[in-house]
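The listed protein sequences derive, respectively, from chains H, B and A. Okay, so the first sequence: first residue is 1 according to the working numbering, each after it adds one. Okay, so the second sequence: first residue is 1001 according to the working numbering, each after it adds one. Okay, so the third sequence: first residue is 2001 according to the working numbering, each after it adds one. Worksheet: the structure to be examined is printed underneath.
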Amino acid sequence: MASTCSLPAFNLHQAMPTSKATMCYGKFLCSYSNLVSKQSVQSKPIFISTDSTYARVLPNAISMNRRECERFSLRNGLLCKALEIENNSLFRVGNKFQLDDVIEAQQFDRDTLSAIFEVARDMEKIEKNSFGSQILKGYLMATLFYEPSTRTRLSFESAMKRLGGEVLTTENAREFSSAAKGETLEDTIRTVEGYSDIIVMRHFESGAARRAAATASIPVINAGDGPGQHPTQALLDVYTIEREIGKLNGIKVGLVGDLANGRTVRSLAYLLSKYLDVKIYFVSPDVVKMKDDIKDYLSSKGVAWEESGDLMEVASKCDVVYQTRIQRERFGERTDLYEEARGKYIVDRNVLSIMQKHAVIMHPLPRLDEITVDVDEDPRAAYFRQAKNGLYIRMALLKLLLVGW
Amino acid sequence: MASTCSLPAFNLHQAMPTSKATMCYGKFLCSYSNLVSKQSVQSKPIFISTDSTYARVLPNAISMNRRECERFSLRNGLLCKALEIENNSLFRVGNKFQLDDVIEAQQFDRDTLSAIFEVARDMEKIEKNSFGSQILKGYLMATLFYEPSTRTRLSFESAMKRLGGEVLTTENAREFSSAAKGETLEDTIRTVEGYSDIIVMRHFESGAARRAAATASIPVINAGDGPGQHPTQALLDVYTIEREIGKLNGIKVGLVGDLANGRTVRSLAYLLSKYLDVKIYFVSPDVVKMKDDIKDYLSSKGVAWEESGDLMEVASKCDVVYQTRIQRERFGERTDLYEEARGKYIVDRNVLSIMQKHAVIMHPLPRLDEITVDVDEDPRAAYFRQAKNGLYIRMALLKLLLVGW
Amino acid sequence: MASTCSLPAFNLHQAMPTSKATMCYGKFLCSYSNLVSKQSVQSKPIFISTDSTYARVLPNAISMNRRECERFSLRNGLLCKALEIENNSLFRVGNKFQLDDVIEAQQFDRDTLSAIFEVARDMEKIEKNSFGSQILKGYLMATLFYEPSTRTRLSFESAMKRLGGEVLTTENAREFSSAAKGETLEDTIRTVEGYSDIIVMRHFESGAARRAAATASIPVINAGDGPGQHPTQALLDVYTIEREIGKLNGIKVGLVGDLANGRTVRSLAYLLSKYLDVKIYFVSPDVVKMKDDIKDYLSSKGVAWEESGDLMEVASKCDVVYQTRIQRERFGERTDLYEEARGKYIVDRNVLSIMQKHAVIMHPLPRLDEITVDVDEDPRAAYFRQAKNGLYIRMALLKLLLVGW
C-alpha cells in the first residue's frame, strides 16, 4: 500500500533524525513504511497527536497518542540505530491488530497470545495506577446481549470505561423489539454498527458471532455464542496461568468436573496445545468425560494427557487445578446421576493440603459447592484473580481492535 | 427582554471592533441584542468560554464554546461589515432553539427543517471526523422508555454520547416501581427532571409526550407515543430524501405497504406537503389504504397525489420508493388477509431494474421480506443510511434543545 | 499509622511555611500527620494534583484536587497560625471519610450528619453552577439492584455522573445469570468489586447490604435492603428538614400514614432523636400505628412524642407534616381495612390552610392520592424538592466514600 504521506520517510538503515523525537510532540503525518521490517505488510501513515483526545483515524492512517508515540520512538529509534529487526515486528506499537474480530479461540497463535498478554499487563498498570485513561476516549462500544450474562457484560463495560470509552447497553436483545418482530441478525447488526465503533455480542446460537462479524464493518467480539465459543474466557484462562505460574511451557494442568459440556475446559485444552511439554489430566465423573475430539487433537499435537479418577493424586502433581461446575440442566430427569456426579470431585482444604506451594486453583465461576468456601482464603485460590484478569484481557482486546498495538 | 449585560453592546450598523475577535478567546459577557436583526426576539447576554467544558448557562445568558464563538464571530463579523441581515437570523449560531420540546411533526415549518438539516450535516462531520466531541459535555439525558424500542433508544443514546453527553437509561419504565405502584406520569416526570437535563420518552399512550412536556421544566423529546407521533422518525425521513436526492421541491415519492396504520408514512406525507411540486403515489393493499384525512390535507395544500396498484409503474417514475412493513397484529384473526396483503408489494431486483439511476429505496426498519435481501447491495438501497441519519437528526435536536443554534 | 512520606512534615505548632501554598499548585507528597489535631488518627501522605483528573489514590495516600487543596491550605494555614484546633477536625478537607460503607441510619451521629449536609450544600452548587464536575472522574460505580427501583437507581446514577464518574448498571441482578445459578451474594460481590470502585446495592433481603460490605474491599452503599434499611432516604429526609426549616433542634414533626410498615418514618424518628427539643406527632389509622420499639427509644432519649387522631390540629402546630403512602399489599385480603385506612388522613388544601406559613409537607414518593394534586403548587409542598435533595445527599456520600472530606 502506497504511503499517502507528503513528509519524507526516514529509512530503516539510517539513524532516526533527532528532530523526529521532538516532532513527535507536535502533530505530524509520517510514513513508517521503511521503518518496520520487510515482514511487515503495514505502511500506513501515522497521525500523531499530543492532545489528550485522539484524532479520528484518517483513512489509511494509524492513530497514536503521545505515550504510544514515545514508546514508538524509543523502541524504533533504538531498533533503527542497531539495524535490528525484531521477530515480533507485527506487534510493534502503532501497527494494526492482526484480527478484525474476535470470534473463536482458534484465531490466536502463540506469538499473538504472548503479545496480547503483554498488552494485558499494561492494562493492569493502567487500571491500578492511573485515573481516567483516555486511550479509547471518543469510542463507543455496543453490548448486544441476546441472553443475559451480567458478569461478562459488566466485565466488558468496565474494560471499555476504564479506557475512557463509552458504552451502549442492550441487556436483553432477544426481546429487542425488532428481533421480536422478525428482523434478521444481519439487519440488526447493520443498524447497530451505525451507532457504535465496536460490537460485543452474546447470542444463544452457535455461529451467530461469525455471522455478525461477516456483516459488520466494525469489529465484533464474541462474548459467548450458545454452545459455541467464548474466546475471551479462553484467553483470560491462559493469561491467568501465565500470571500465576510464570510460564506456560512445561506446565501440568488438571481439568476437573464437567469436561463434556464445559466449553471453557475444551478451549483451554486447545490453547494449551500450543505450548511445549504441557501435561493435562482429566478428572471427571464418567457421565461427563472429556470427548474424544479434544483428546485426539491433543495427541496429534504431541500433548501428553491422562484420565484419572484420583483428584488428590492429580492435585499433588499439578501446577493448576482447574475446577468446573457440574451443570444440573445437562442431566435432565436423571437427578440421581447429577447428584452423584456433582458430589464426586470437591476441591476442599484436603485437596489444598496436598497441592504444591506454587500451584493454584482456578474456576470460571460461578461456583456452587465444588470448591468449598474455606478454600477462598488460601493464596492459591486464584479464581477471583482469574475473574479480574478477564477485565485486563478485555481491555487489551478492545484497545487492540480499536487503536491497534 | 432587556440585556443584563454591563459591557457596551456593539451595533449592527458598525463594523465589529477588531478586538472582539480576540476577546472571544477569553471569557466575557457581551450583548448581541443589536447585532442580530430586528426580527430576532433574542437579546440574552452570551457567556463565552475557551474551556473545553461549558460553564453552566447563567440565567438569561447563552452559553457558547470556543468553536461556536469562532463561527459566531466569523459569520456575524462579516454580516456586520456588509450590513446584511440574513432571513434566517432566527437560526443564527448562539440563538436559542425555537422549540422547548419536540412532540410532533406539526411543530416544524420548512425554514426550521432546513436549519435543522444544516445542523444535522454538521453532526455528520462531527461524528465522522472528530473524536470525542464535547458539545454536550456535562449534560445528562434520561431515556424514559415505557415500552422497549432498542433501535430508537440506542440511536438517541449514541447521539448523546457522540456529543460528549451522558445518559441515564430506563429501558422498561412501565415496570418502573413507582409507575407500577400507581404514580402518575406527571409525578414521575417531576422526579426525573431533577436528575437530568433532557428527557427522551417513549410511551404506549398517545398524548403522553405532550403531558410530560407540559409538566417538565426541561426539554422533552417524544420518541414515539403509541399510535400517536414519532417526530424524529419523520424528520430523519425528510432529511434522508434531501441527502439522497439533493432536493425536496419537485420530488416524486411512492409510499408503499401499510399506509393505514403506519404513522411513519402519514407523518412523511404531512411534512412533504410543505414543499413545492411534490407528487405522492400511494401503493397499498386495499385493506390498509391511506386514510382520507391525509389525502384531504394534501389536496388542501395543493399536493398532487394518486393511488396506484402498479408498483412497477410507480417505481419507474419516483425519486423515492418508501416501503413499509405490513404489521400482522393489525389483522387480528384474519391471517388470510394478512398473508394476501403482505405478499402483494415486494421490492425486489425486478423493481430495482425499473427504477431510475438516481432514485432510492427507503424503509423505516425493521424489514421482514417486503424488501428482498438481494436489494441490499444496490447503491440505491438507502434504508441503512436512513437509519444512520436518525443518529444525525437526533444529535442535531439534542444540541439545539440543550445549547441552541 | 506511620507516615510513609519522605518529605519533611510541617508541625502543627509552627506556621505553615509560605512556600507550601505555592507547592500546593504543583504535585507533591506531604505528610499532614502533625498538622491535624491529636484526635485525628489520620496520618496518610497526601497526593495533590493540579490536573483536572485525579491521580489514582496511592496506597496510604489521600487524593486532593486543586480546589480541595486551596480550601485545605486556607483553612489549615489559618488554623496553624492561630494554633487552633477545630472540634470537627475529623471532617477537615482532605481527611478520609469516617465510614467505609453506608449500611444503616444508625451509623451517623449528629456531627457527621452536619458535616455531610455541608458537603451536600456544596453539591447543590456544583450541580447548579458548574458544568461537568470532574471530582469523581475515573471512578466507576456499579449499581447492583436485586429488585428494581428506578427512582433510587436514577438518583444514584445521576449523582455519580454529575460528579464526572461512570456507572455500570445491573437493573435486575436477581436474574443475574450467576445468582440464578445459585452463586452466593459474597461471590457476586467478589467479582463485581473487581470491575468497579464502589457498589450501590438494593436487595430484597434484610441484612444483605451488611453481608456485601463485609465481603467487599471497596465501599458499599445500601440503597434499600428489603424491610431493613434505606439510609440515604433517611439522610435526605433530615437534610430536607434542615434546608426547608433552617434548623433541626426544636422542631415539631408530624408523621402521618402508615407508621407501622414504613421504614422511612421509622428511620426519620430515629435520626430526629439526635437533636434537641424535638417533638414528634404520630398520626395514623389504628391498624398501622407506630410500633413500640421506636416509641420506647424516643422516650429513652428524652424526645417528646404524642399520638393523635386529629391531622388538622397536628398540622397547625407542626413545622413538618411528613405524609406516607398506605401500602395495599400490607393488608392482604382485608381490602376493607385498606380502604378505610387509606382514605382517613389526606393532605389537601384544607390541611394546607391551617398550616403555618413556614411549615412544609414532605413525602418519600411515590404518592397516590394521600396528598391531593392541588397541593403541589403551594410553596410549602416540599416533596419534589425532597426528591431532588436525594441527589445531593447521594453526590455527597459518593464523594466522601471515594475521595474523603
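The beta carbon of each residue, even a glycine, is placed where N, CA and C say it ideally should be. All of these numbers come straight from a predicted model, not from anything done at the bench.
Contacting positions in the stretch 1366-1385 of chain B - beta carbon closer than 7 Å to chain H:
Answer set for the stretch 1366-1385 of chain B: Pro-1366, Arg-1367, Leu-1368, Phe-1384.
Helix, strand or coil at B:Arg-1325 according to DSSP, with G and I counted as helix:
Judged by DSSP in its simplified three-state form, B:Arg-1325 adopts coil rather than helix or strand.
Whole angstroms are fine: how far does the CA of B:Leu-1236 sit from the CA of B:Thr-1152?
Between the alpha carbons of B:Thr-1152 and B:Leu-1236 lies a gap of roughly 12 Å.
Given that a residue counts as buried once 16 or more other Cβ atoms are within 10 Å of its Cβ, and exposed if not, what is A:His-2358?
Taking a 10 Å sphere around the C-beta of A:His-2358, we find fewer than 16 other C-beta atoms and assign the residue as exposed.
Going by beta carbon distance, what residues of the same chain come within less than 6 Å of A:Val-2238, once the five residues before and after it are set aside?
If we look at A:Val-2238 and ignore the five residues flanking it on each side, its Cβ neighbours are Leu-2271.
Indicate the three-state DSSP secondary structure (helix, strand or coil) for H:Leu-144 in the structure shown.
In the structure shown, H:Leu-144 sits in a strand (DSSP, three-state: E or B).
Mind listing the chain A neighbours of B:Glu-1166? Cutoff is C-beta to C-beta under 7 Å, in chain order.
Within chain A, the residues near B:Glu-1166 are Lys-2161.
Run down chain H in chain order and give the residues with a C-beta less than 7 Å from the C-beta of B:Lys-1388.
Below the 7 Å Cβ cutoff, chain H contributes Gly-194 as neighbours of B:Lys-1388, in chain order.
Say whether chain B places a C-beta atom closer than 8 Å to the C-beta of A:Arg-2330.
Between A:Arg-2330 and chain B, the shortest Cβ-Cβ separation is not below 8 Å.
Can you name the residues of chain A whose CB is closer than 7 Å to the CB of H:Phe-145?
What H:Phe-145 touches in chain A: nothing, since even the nearest Cβ is about 10 Å away.
Comparing the C-beta of A:Gly-2182 with each C-beta of chain H, is any distance below 8 Å?
Yes, because at least one Cβ of chain H sits closer than 8 Å to the Cβ of A:Gly-2182.
For a contact defined as C-beta to C-beta under 8 Å, what are the partners of H:Leu-406 on chain A?
Chain H is shown from 1 up to 405; residue 406 of chain H falls before or after that span and cannot be answered.
Find the nearest neighbour of A:Lys-2279 within the set A:Gly-2302, A:Asp-2374, A:Arg-2263, A:Val-2288, judged by alpha-carbon distance.
Ranked by Cα distance from A:Lys-2279, the first of A:Gly-2302, A:Asp-2374, A:Arg-2263, A:Val-2288 is A:Gly-2302.
Report the neighbours of B:Ser-1155 on chain E: residues whose CB is nearer than 9 Å to its CB, in chain order.
You won't find chain E in this structure, because its protein chains are H, B and A.
Quick check on the DSSP output: the beta strand (DSSP E) that includes B:Ile-1198 runs from which residue to which?
DSSP places B:Ile-1198 inside the beta strand (DSSP E), whose first and last residues are 1198-1203.
Check this for me: beta carbons of B:Glu-1244 and B:Phe-1117, under 8 Å apart or not?
Contact flag unset, no.
Are B:Lys-1317 and B:Lys-1252 touching if we call contact CB-CB under 8 Å?
Contact: yes.
Using only alpha-carbon positions, find the residue among A:Ile-2294, A:Ala-2120, A:Asp-2109, A:Thr-2215 that is nearest to A:Ala-2304.
The shortest C-alpha separation from A:Ala-2304 is found at A:Ile-2294.
Note down, in chain order, all residues in the stretch 2217-2240 of chain A with a beta-carbon under 7 Å from any beta-carbon belonging to chain H.
Listed in sequence order: no entries.
Residue from B:Thr-1112, B:Ala-1105, B:Gln-1106, B:Ala-1173 with nearest C-alpha to B:Lys-1096
B:Thr-1112 is the residue among B:Thr-1112, B:Ala-1105, B:Gln-1106, B:Ala-1173 whose C-alpha sits nearest the C-alpha of B:Lys-1096.
Separation of B:Met-1312 from H:Gln-233, as counted between CA atoms
Distance between H:Gln-233 and B:Met-1312, taken at the CA atoms: about 53 Å.
Just the C-alpha distance for A:Arg-2121 and H:Gly-224, rounded to the nearest angstrom, thanks.
The alpha-carbon separation between A:Arg-2121 and H:Gly-224 amounts to approximately 47 Å.
Is B:Arg-1263 buried or exposed, if buried means 16 or more other CB atoms sit within 10 Å of its CB?
Answer is buried; the Cβ neighbour count reaches 16.
Name the two residues that bound the continuous alpha helix (DSSP H) containing A:Asp-2237.
Bounds of the alpha helix (DSSP H) holding A:Asp-2237 are 2231-2245.
Got a sec: is the Cβ-Cβ distance from H:Ser-206 to anything in chain A below 8 Å?
No - not a single Cβ of chain A is within 8 Å of the one on H:Ser-206.
Around the C-beta of A:Asn-2249, are 16 or more other C-beta atoms found within 10 angstroms, so that it is buried, or is it exposed?
Counting C-beta atoms within 10 angstroms of its own C-beta, A:Asn-2249 has fewer than 16 neighbours from the protein chains shown and is therefore classed as exposed.
Taking only three categories from DSSP, how would you classify H:Arg-385?
Helix, per DSSP.
Three-way DSSP call (helix, strand, coil) for H:Met-290 in this model
H:Met-290 sits in coil when the DSSP states are folded into three classes, being neither helix nor strand.
Residue closest to B:Arg-1162, alpha-carbon to alpha-carbon, out of H:Phe-131, H:Tyr-275, H:Ala-142:
Ranking the options by Cα distance to B:Arg-1162, first place goes to H:Ala-142.
Pull up the distance between the alpha-carbon of B:Ala-1159 and that of B:Val-1373, whole angstroms please.
Distance between the alpha carbons of B:Ala-1159 and B:Val-1373 is about 28 Å.
Nearest CA to the CA of B:Gly-1165: which residue from B:Val-1192, B:Glu-1183, B:Tyr-1139?
Per the Cα distances, B:Tyr-1139.
Measuring CA to CA, which of A:Pro-2285, A:Lys-2289, A:Arg-2210 is closest to A:Asp-2336?
Answer by Cα proximity: A:Pro-2285.
Would you be able to state if there are at least three C-beta pairs under 8 Å between the stretch 1365-1385 of chain B and the stretch 1394-1402 of chain B?
Of all C-beta pairs linking the stretch 1394-1402 of chain B to the stretch 1365-1385 of chain B, fewer than three are shorter than 8 Å, placing the two stretches out of contact.
For B:Ile-1405: DSSP bridge partner residues
The residue you asked about is not Ile; residue 1405 of chain B is Trp in the sequence shown. B:Trp-1405 is not bridged to any residue.
Residues bridged to H:Thr-169 [DSSP beta-bridge criterion]
Note: H:Thr-169 sits in a beta bridge opposite H:Thr-143.
What runs of the beta strand (DSSP E), each 3 residues or longer, lie entirely inside the stretch 2095-2145 of chain A?
Fully enclosed beta strand (DSSP E) runs of 3 or longer: 2140-2145.
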